[in-house]
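Q:
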Amino acid sequence: MAGHSKWNNIKHRKAGQDAKRAKIFTKIIRELTVAAREGGGIIEDNPALRTVIDKAKATRMPKDTIERAIARGARGLGGAALARLTYEGYGPGGVAVLVETMTDNRNRTVAEIRHAFTKAGGNLGADGSVAYLFDKKGQIQFEPGLDEDRVMEIAIEYGAEDVMTDEAGSIEVITAPEDYLRVKDALTTLGFEPAAAECAMTARVFSDLDLETAEKVLHLIDSLEDIDDVTNVFINANFPDDLRSGGE
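Heads up, the sequence shown is in our numbering, so the first residue is -6 and it goes up one at a time.
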């Protein structure tokens, strides 16, 4: 099951987020509150909440901040007017883009997203225009240096769909959404701590970008993620290895 890992794309998507931590915290707090309001504050009974908690921990959000957001949501406070909406479009070079949002004002959100696409030379598409290019998958990444055979053995035993290793030795475990937490917990319990993990939309096919186009795509992602209502941005791009290290 070895193959070309998309870990490079993940690193580009995550790089530079420290500089945006305050805004990221605000968005994740909103997600925590809504997840707890919709599914309850008991983590073991609410997989959606557990996934957002993992996301919060990955940004090094303080434990008490996470707990306060969950408590607010579980009590029915906060996030009552928020709706989850997904927008689709094409970026520079025809790259497919999915934008997940949580908003209390659809008109404001779509106007800001359309502006970001237009400014980058892309365009906002209709519902279904690019969604068919993506599937929701669990993605669990490990840095090089681990026992690849052991990671694969554990992952497959607990229900992973695929395990890929790239040229540098980075390992990526792919799961169905319903199996994500079980596989991740098994690997962590047995001593394999992921470098990154999320349940996210992943592309079925990827577009290779030259350096100039890749820079434009990253600027589009920056602009989209700067919008307060945007929670996630997914693309089907393969970035060149010499892309700027700052990422999005």
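Glycine included, every Cβ here is placed at the ideal spot set by N, Cα and C.
In the DSSP assignment, what residue or residues form a beta bridge with Tyr83?
A: Partner(s): Ala89, Asn116.
Q: Please report the Cβ distance between Gly86 and Val210, rounded to the nearest whole angstrom; I am assuming they are in contact, meaning their Cβ atoms lie under 8 Å.
A: Indeed they touch by this definition, with Cβ atoms about 7 Å apart.
Q: Does the region 114 to 122 come within contact of the region 141 to 150, defined as at least 3 CB pairs closer than 8 Å?
A: No, because fewer than three Cβ pairs between the region 114 to 122 and the region 141 to 150 fall closer than 8 Å, the two stretches do not touch.
Q: Give me the Cα-Cα distance between Gly66 and Val156, rounded to the nearest whole angstrom.
A: So the alpha carbons of these two residues sit roughly 36 Å apart.
Q: Would you give the residue range spanned by the beta strand (DSSP E) that Gly131 belongs to?
A: 127 to 135 is the extent of the beta strand (DSSP E) around Gly131.
Q: Hey, how far is the Cα of Ile149 from the Cα of Thr181?
A: One C-alpha to the other measures close to 14 Å.
Q: Determine the DSSP secondary structure at Phe303, reduced to helix, strand or coil.
A: The structure shown does not extend to residue 303, since the chain is modelled only from -6 to 241, so the question has no answer here.
Q: Is Pro55 buried or exposed, if buried means 16 or more other CB atoms sit within 10 Å of its CB?
A: Classification for Pro55: exposed.
Q: When the Cα of Ile17 is compared with those of Asp219, Ala161, Ser200, Asn231, which residue comes out closest?
A: Nearest option by C-alpha distance: Asp219.
Q: What did DSSP end up calling Ile164 once you bin it into helix, strand or coil?
A: Correct three-state label for Ile164: strand.
Q: Using 10 angstroms around the beta-carbon of Ala104, count the other beta-carbons present and answer buried if the total reaches 16, otherwise exposed.
A: By the neighbour-count rule (16 or more Cβ atoms within 10 Å), Ala104 is not buried but exposed.
Q: Who are Met95's beta bridge partners in DSSP?
A: In the DSSP output, where bridge partners are listed per residue, Met95 has Arg77.
Q: Could you say if the region 171 to 185 and the region 197 to 213 meet the contact criterion of at least three C-beta pairs nearer than 8 Å?
A: Contact fails: fewer than three Cβ-Cβ distances are below 8 Å.
Q: Roughly how many whole angstroms lie between the Cα atoms of Arg99 and Glu93?
A: Arg99 and Glu93: Cα-Cα distance of roughly 12 Å.
Q: Assign Met194 to one of three DSSP states: helix, strand, or coil.
A: Strand at Met194.
Q: Can you tell me the Cα-Cα spacing of Ala(-5) and Ile214, whole angstroms?
A: Note that Ala(-5) scores 35 on pLDDT, short of 50, meaning its location in the model is unreliable and no value can be drawn from it.
Q: Out of curiosity, what's the CA-to-CA distance linking Ala49 and Ile63?
A: Rounded to whole angstroms, Ala49 to Ile63 spans 12 Å at the Cα level.
Q: Give me the Cα-Cα distance between Ile167 and Thr96, rounded to the nearest whole angstrom.
A: Their backbone Cα atoms lie some 30 Å apart in a straight line.
Q: Quick check: what's the CA-CA separation for Glu208 versus Pro137?
A: Going by the C-alpha atoms only, they are around 26 Å apart.
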